[in-house]
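> In our numbering, the protein residues as written are 613 to 1240. Have a look at this one before I ask anything.
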């Protein structure tokens, strides 16, 4: 008997969940605070008095989801509207899920303990492809049909957005519609449209037809996919004259006037990031060829210093946090960073509130800034050279040199830092064994710099951590056409590097190549991959991004049963004229530019920072526009 069938037997679960059962369960599980709500700055409305109910889901555990800035933005944005209510729902951890299924307790929101299936919308943010099985698990626990075609009038509309939505096809069978791009404006447009539609007592299909006309909205059911004999895509055909052939991403033009929350929910338990997150700008001008975010979030739009200080004051006051994290794709590139940090440190000096930068670009590094942000407390430093050789850094257009690294770490060691993290990727296009071993060489050079200092100038015990992820070619990057390294090749390169590092001061770790292989399959997948994700979930796959719960063998079994060739999606190099699954989406960055950048990468030719002049990426009305 399925979980859905069990629920239908017990009529008392139709509305609010049984809180007595919940209390009993919470006494049995790890971290019950994940499920109780009632945190500082959470918002509970009377659901009987609002017109539209929106359940917002981060498809991972509470501890991870509550650290996501987008959740806090949309949660407060929706709740600002009198007629709307937004409540949160996360993936229950394994112990909680086991008890819920045992007790036939359906998934509920944190604020009202209302069944998720009683909401008008269930919205997912898509931050990582390997969380997709969690989406199915959430739908199942909520008693919502997994496939959009099976949902009835009384079921919630299931929507999704976020960076992974730029290729929505792998989960198109499960999602009623997607939001492509930034959500602050379009979310309210959707909810206001639904409010009116609900008052007019329209049908589900009628609403989907209406919402499909909003810029940035993609409704999969209104599009058919035609395939070639070789399994590539021939074309995508709109089956309604009312829907657009191309979905243009939504973009917020002015970040200063954009809604920004002045409060953040403060969890009872420790989460991934227990701090105020202050978004200082969106977009990136660097043009790293492997980076999807750097392409899809263009153009750069900065918030003013006055607005940021104002927000920081309100967020610190409303949360009581003791640290502010300056968030962006490349925070050191904020045009007035030193002035901003100086003002923040001056403003919060008495309260001993620290300011941190998540990661630092070697070429943007300013020692004065570092000294400023470390007045309150010293932490480790993180840098991302990405590749071990200058040749390969030029291929990926990283824009940093070995001299940048040497000069930077020399300065920070002299200033008293002794813990350094270095992030790299293996499997980058054109990579050789010499490039791989260059990672070891860089780590050793960092160590030598530390010990070249006079003993009295060294502070603390040196600790160098070199981490290597496996390169995954992502949509809307210049490398979207290249094939990924095989699992065996990733392992060979990782072991080559690991065996070459023989120094106790240097720790090396690397990402699981099997996980990266599956990530590539899904990230580059078409609509047929929905069947694979469903079958994998049926075989027990969930929390795939957690190494201890990743079931690679089950994914392989699912592929074999469905006759899906993973290599076709992950390892195959595409021609420029091949129709890609995401080609119907317009990220505002042109394909011509991506092709040009790919060709330049093969020649080792770099492209300069957009701040120094326009590079012709296709963005219209970009503030960085100038001479090419």
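All residues carry an ideal CB built from backbone N, CA and C; glycine is no exception.
Can you have a look at residue 698 and say buried or exposed, based on whether 16 or more other CB atoms are within 10 angstroms of its CB?
Residue 698 is buried by the Cβ-count criterion.
> By DSSP, does residue 644 sit in helix, in strand, or in coil?
Helix.
> Express the C-alpha separation of residue 1024 and residue 782 in angstroms, rounding to a whole number.
One C-alpha to the other measures close to 45 Å.
> Do residue 725 and residue 799 come within 8 Å of each other at the CB atom, strictly closer than that value?
Going by C-beta atoms, residue 799 is not nearer than 8 Å to residue 725.
> Buried or exposed, going by whether 16 or more other CB atoms sit within 10 Å of the CB of residue 737?
Residue 737 is buried by the Cβ-count criterion.
> Assuming contact is defined by CB atoms lying nearer than 8 Å, are residue 917 and residue 950 in contact in what I supplied?
No. Outside cutoff.
> Buried or exposed: where does residue 629 fall if 16 or more other Cβ atoms within 10 Å of its Cβ makes it buried?
Counting Cβ neighbours within 10 Å, residue 629 comes out buried, since at least 16 surround it.
> Indicate the three-state DSSP secondary structure (helix, strand or coil) for residue 1218 in the structure shown.
Coil.
> Taking Cβ to Cβ, would you say residue 1128 is nearer than 8 Å to residue 1082?
Their beta carbons are under 8 Å apart, which means residue 1128 touches residue 1082 by this criterion.
> According to DSSP, residue 667 sits in a beta bridge with which residue or residues?
Its beta-bridge partners are 699, 734.
> Are residue 740 and residue 1157 closer than 8 Å when you measure CB to CB?
A contact, by the Cβ cut-off of 8 Å.
> Where does residue 1003 fall in DSSP's three states?
It is helical.
> In whole angstroms, what is the alpha-carbon distance linking residue 1199 and residue 735?
One C-alpha to the other measures close to 22 Å.
> Count the other C-beta atoms from every protein chain shown that fall within 10 angstroms of the C-beta of residue 852, then say buried if there are 16 or more, exposed otherwise.
So residue 852 counts as exposed.
> Work out the CA separation of residue 656 and residue 689 for me, nearest whole Å.
Using only the alpha carbons, I get a separation of about 14 Å.
> Find out if the Cβ-Cβ distance for the pair residue 901, residue 1051 is shorter than 8 Å.
Cβ atoms of residue 901 and residue 1051: not closer than 8 Å.
> Looking only at its chain, what residues have a beta carbon closer than 6 Å to the beta carbon of residue 746, apart from the 5 residues adjacent to it on each side?
Contacts found: 671, 703, 1154.
> Can you tell me whether DSSP reads residue 1176 as helix, strand or coil?
It is coil, neither helix nor strand.
> What do you reckon, are the CB atoms on residue 686 and residue 828 nearer than 8 Å?
Going by C-beta atoms, residue 686 is not nearer than 8 Å to residue 828.
> Suppose the cutoff is 6 Å on Cβ atoms and the five residues either side in sequence are ignored; what does the same chain contact list for residue 751 look like?
Answer for residue 751: 758, listed in chain order.
> Looking at C-alpha atoms only, which residue of 948, 931, 927 is the closest neighbour of residue 915?
Residue 948 is the option with its Cα nearest to residue 915.
> How many Å lie between residue 860 and residue 637 at the Cα?
Cα to Cα, residue 860 sits roughly 46 Å from residue 637.
> Comparing alpha-carbon positions, which option in 1114, 1030, 1123 lies nearest residue 1037?
Cα-wise, what sits closest to residue 1037 is 1123.
> If contact is defined by three or more beta carbon pairs under 8 Å, each pair taking one atom from either stretch, is the stretch 1208-1227 in contact with the stretch 1045-1065?
Short answer: they don't touch.
> Excluding the 5 residues preceding and the 5 following residue 765 in the sequence, name in chain order all residues of the same chain whose CB lies nearer than 8 Å to its CB.
These residues qualify, in order along the chain: 815, 816.
> What is the DSSP secondary structure of residue 1082, counted as helix, strand or coil?
It is a strand residue.
> DSSP state of residue 915, grouped into three classes?
Correct three-state label for residue 915: coil.
> With DSSP run on the structure shown, which of helix, strand or coil describes residue 847?
Residue state, collapsed to three classes: strand.
> Output needed for residue 753: all residues of its chain with C-beta closer than 6 Å, excluding positions within five of it in sequence on either side, in chain order.
Contacts found: 719.
> Give a yes or no on whether the C-beta atoms belonging to residue 785 and residue 1104 are separated by under 8 Å.
No.
> Give me the Cα-Cα distance between residue 1085 and residue 1134, rounded to the nearest whole angstrom.
Rounded to whole angstroms, residue 1085 to residue 1134 spans 11 Å at the Cα level.
> Where does residue 988 fall in DSSP's three states?
Residue placement at residue 988 cannot be trusted, given a pLDDT of 45 that sits under 50; what the coordinates show is reported in the next sentence. Looking at residue 988 - three-state DSSP - the assignment turns out to be coil, as it is neither helix nor strand.
> Quick check on DSSP: helix, strand or coil for residue 898?
Coil, per DSSP.
> Does the contact criterion of 3 or more C-beta pairs under 8 Å hold for the stretch 1169-1183 versus the stretch 897-913?
Cβ pair count under 8 Å is below three, so no.
> Secondary structure at residue 661, three-state DSSP: helix, strand or coil?
In the structure shown, residue 661 sits in coil (DSSP, three-state: anything other than H, G, I, E or B).
> Taking only runs of the beta strand (DSSP E) that begin and end inside the stretch 754-792, which ones reach a length of at least 3 residues, in chain order?
Counting only runs of 3 or more, we get 769-773, 789-791.
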